[in-house]
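Worksheet for the structure shown next.
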Amino acid sequence: MTPRITIAWNAYRTMIRKEAVRIFRIWPQTLLPPLITQSLYFLIFGGFIGSRVGEMGGVPYMAFIVPGLVMMAVIQNSFSNVVSAFFTAKFMRNIEEIMVSPTPNWVVLACYATGGVFRGVVTSGLVYAVSAPFVPPTVAHPWAIAVFLLLTSLLFSMAGFLNAVFAKKFDDIGLFSTFVLVPLTYLGGVFYSVQQLPPFWRTVSGFNPILYMVDGFRYGFFGDAGIPVWRSALVIALVVAALTALNLHLLKKGTGMRA
81 MTPRITIAWN AYRTMIRKEA VRIFRIWPQT LLPPLITQSL YFLIFGGFIG SRVGEMGGVP
141 YMAFIVPGLV MMAVIQNSFS NVVSAFFTAK FMRNIEEIMV SPTPNWVVLA CYATGGVFRG
201 VVTSGLVYAV SAPFVPPTVA HPWAIAVFLL LTSLLFSMAG FLNAVFAKKF DDIGLFSTFV
261 LVPLTYLGGV FYSVQQLPPF WRTVSGFNPI LYMVDGFRYG FFGDAGIPVW RSALVIALVV
321 AALTALNLHL LKKGTGMRA
């Protein structure tokens with residue numbers, strides 16, 4: 081390998097190892113909360129309310145919400161992992177050491193994004209395992225599950241990085257999650273089928289990117305989608321590309337490198 085590639089690979093490997101160690105070292109903060117939260121969702125919405133709802137989209141309501149709850153955990157954990165990790169690096173001035181090193185900007189971004197994807201994927205597996213006692217596992221298209229899992233975790237890793245770039249204090253890293261991420265998640269078809277909405281609200285929901293993630297992910301489990309799978313994957317991929325380009329531009333300019 082050329083010296084430039086060697087430097088990039090060593091930096092990527094080192095930072096990824098650091099992120100993985102951090103996630104597992106503080107597992108009561110990173111892995112345990114989503115398990116407790118999603119278990120309560122399964123118990124309340126699936127067990128208590130689901131028995132009254134019956135079916136949704138042709139499948140039992142308990143089974144219907146499983147993909148949405150798994151995707152909710154992926155979204156929240158991918159986002160929070162990157163926004164907290166990068167802002168902490170800014171606050172502790174660690175990011176300055178990285179930026180003056182020969183590490184390329186794309187490697188820095190890739191490291192934080194990979195950490196977010198890693199936590200999102202690990203969390204998704206744990207949450208899905210929690211759902212097993214409530215609903216027998218059903219998988220129709222494993223490739224769709226993998227594609228939408230990776231695209232979604234990557235998108236919100238990039239979104240978390242963008243939030244951390246502009247955050248000036250610790251309170252700022254929760255603003256986007258509270259006022260944008262949570263409402264979009266709950267209105268993204270996690271607990272209901274968008275096909276049951278009136279035409280106007282169905283059209284409005286089409287502007288919510290989380291809808292495409294949940295719908296495509298649900299297709300992987302049950303083989304039925306309200307939106308063409310290729311369209312959902314394309315929408316998510318375009319948003320990922322846009323966020324990646326924006327983050328690289330901000331890194332190049334040095335925007336928000338100080339907390």
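Mind the numbering: the sequence shown is residues 81 to 339 in our numbering, read in order. Idealized CB from N, CA, C, for every residue including glycine. A quick note: this is a predicted structure, and the numbers were derived from the prediction, not measured.
Asked: Backbone CA spacing between V294 and M151 [nearest angstrom]; Found: 6 Å
Asked: Straight-line gap, L242 to I290 (C-alpha atoms, nearest Å); Found: 17 Å
Asked: Rounded distance between the beta-carbons of I106 and M337, thought under 8 Å; Found: M337 to I106, Cβ: 25 Å. No contact.
Asked: Beta-carbon spacing of L234, F297 below 8 Å; Found: no
Asked: Backbone secondary structure at M337 - three-state DSSP; Found: coil
Asked: Minimum length 4: unbroken alpha helix (DSSP H) runs contained in the stretch 175 to 217; Found: 185 to 211
Asked: Distance, V180 Cα to L328 Cα; Found: 16 Å
Asked: Distance between S204 and A220 (C-alpha atoms, nearest Å); Found: 17 Å
Asked: For E135, the residue or residues it bridges with in DSSP; Found: P140
Asked: R97 versus T110 - alpha carbon distance; Found: 16 Å
Asked: Status (buried if at least 16 other CB within 10 Å, exposed otherwise) for N90; Found: exposed
Asked: Candidates S312, V207, F167, of which the one nearest K248 by Cα; Found: F167
Asked: For V270, the three-state DSSP class (helix, strand or coil); Found: coil
Asked: F256, buried or exposed, once every other Cβ within 10 Å from all chains shown has been counted against 16; Found: buried
Asked: Alpha-carbon spacing of G254 relative to S164, whole angstroms; Found: 10 Å
Asked: Cα-Cα separation, V188 to T194; Found: 10 Å
Asked: Beta-carbon proximity check, V197 vs S160, cutoff 8 Å; Found: no
Asked: Limits of the unbroken alpha helix (DSSP H) element including S233; Found: 222 to 246
Asked: Where A143 falls, given that 16 or more other Cβ within 10 Å makes a residue buried; Found: buried
Asked: Contact set for I307: own chain, Cβ-Cβ below 7 Å, skip 5 residues either direction; Found: Y292, D295
Asked: Among L330, N288, P278, nearest to P263 - alpha-carbon criterion; Found: N288
Asked: Burial state of M95, where buried means 16 or more other Cβ atoms lie within 10 Å; Found: buried
Asked: Alpha helix (DSSP H) segment containing I98, residue limits; Found: Note that residue 98 is Lys in the sequence shown, not Ile. It spans 83 to 105 - the alpha helix (DSSP H) in which K98 sits, taken as one unbroken run.
Asked: Beta-carbon proximity of K333 to N185, cut-off 8 Å; Found: no
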